[in-house]
Amino acid sequence: MAKHAKSAMGKDEIRAVADRGYFNGEEILACDKGQITAVVPKCVTSGAKAAGRFDKADFIYKKEDNEYQCPAGQRLIWRYSTVEREMQVHRYWGSSCQQCAIKAECTTGKQRRITRWEHEDVLEAMQTRLDQAPESMRLRRQTVEHPFGTLKAWMGATHFLTKQLKNVSTEMSLHVLAYNLKRVMNILGTTTLMEAMVA
Numbered sequence: 039m040a041k042h043a044k045s046a047m048g049k050d051e052i053r054a055v056a057d058r059g060y061f062n063g064e065e066i067l068a069c070d071k072g073q074i075t076a077v078v079p080k081c082v083t084s085g086a087k088a089a090g091r092f093d094k095a096d097f098i099y100k101k102e103d104n105e106y107q108c109p110a111g112q113r114l115i116w117r118y119s120t121v122e123r124e125m126q127v128h129r130y131w132g133s134s135c136q137q138c139a140i141k142a143e144c145t146t147g148k149q150r151r152i153t154r155w156e157h158e159d160v161l162e163a164m165q166t167r168l169d170q171a172p173e174s175m176r177l178r179r180q181t182v183e184h185p186f187g188t189l190k191a192w193m194g195a196t197h198f199l200t201k202q203l204k205n206v207s208t209e210m211s212l213h214v215l216a217y218n219l220k221r222v223m224n225i226l227g228t229t230t231l232m233e234a235m236v237a
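In our numbering, each residue carries its 1-based index in the sequence shown increased by 38.
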């Protein structure tokens, strides 16, 4: 969608902001390669975090050494690479987890293992952008959620009146068209809109 928007706007570079439901490493990488600055919060799926243990974010990646530093200051070195779901990932773990004083806060296994995608640096750069501009998500909510709320109010409690995907798709397209026309009329006025449509 960001590529379509970039093409429609005729821009060389754009910024795309989405909510965490759209977080997908491969899509974010495609945006990065297509000169689209993506800002999408990461999904919090860590069972460790939910259980009160350290999250992956608590481990510091040291690019020059290709290793992680754990919260206790120990090294988690690269062990091997593998392919999962068509993505190359690297595995890291340390040798001193068994003797660590804070092991209970870190892992229930023999050692804490960290997985790193080969393009994780793109995701880290995006997280840095989000950390530096936290108002991006507030602006997204103000801009994007309002049209959906308005459309839901217009549609009423039953929402769609039709059945089957092609009919519902047509009905939704008509709702969106009506919303867009009403919005343009509010911004430009009906006279300017009619002139633009004739031209």
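Note that the Cβ used here is the ideal one computed from N, Cα and C, for glycine as well.
None of these values were measured; they are calculated from a predicted model.
With a cut-off of 8 Å on Cβ pairs, the segment 193 to 204 is not in contact with the segment 87 to 103, counting fewer than three such pairs. Relative to R58, the option among R178, K49 and I152 whose CA is nearest is R178. Residue pairing by DSSP puts L114 in a beta bridge opposite Y106. The segment 138 to 151 makes no contact with the segment 165 to 180, as fewer than three CB pairs between them are under 8 Å.
For N62, the closest alpha carbon among the candidates L226, R167, V160 and L219 is that of V160.
When secondary structure is reduced to three states using DSSP, Q149 falls in the coil class, being assigned neither helix nor strand.
Secondary structure note for T228: its alpha helix (DSSP H) is the uninterrupted segment T228 to V236. Here the C-alpha atom of G85 lies approximately 9 Å from the C-alpha atom of D93.
Per DSSP, reduced to three states, the secondary structure at I140 is coil, with no helix or strand assignment.
Under the 10 Å beta carbon count, A43 is surrounded by fewer than 16 other beta carbons and is classified as exposed. Within the DSSP secondary-structure output, H184 pairs in no beta bridge.
No Cβ-Cβ contact shorter than 7 Å links C138 with A95. Per DSSP, M164 is one residue of the alpha helix (DSSP H) stretching across E158 to Q170. With contacts defined by Cβ atoms closer than 7 Å, E158 and Q126 do not form a contacting pair.
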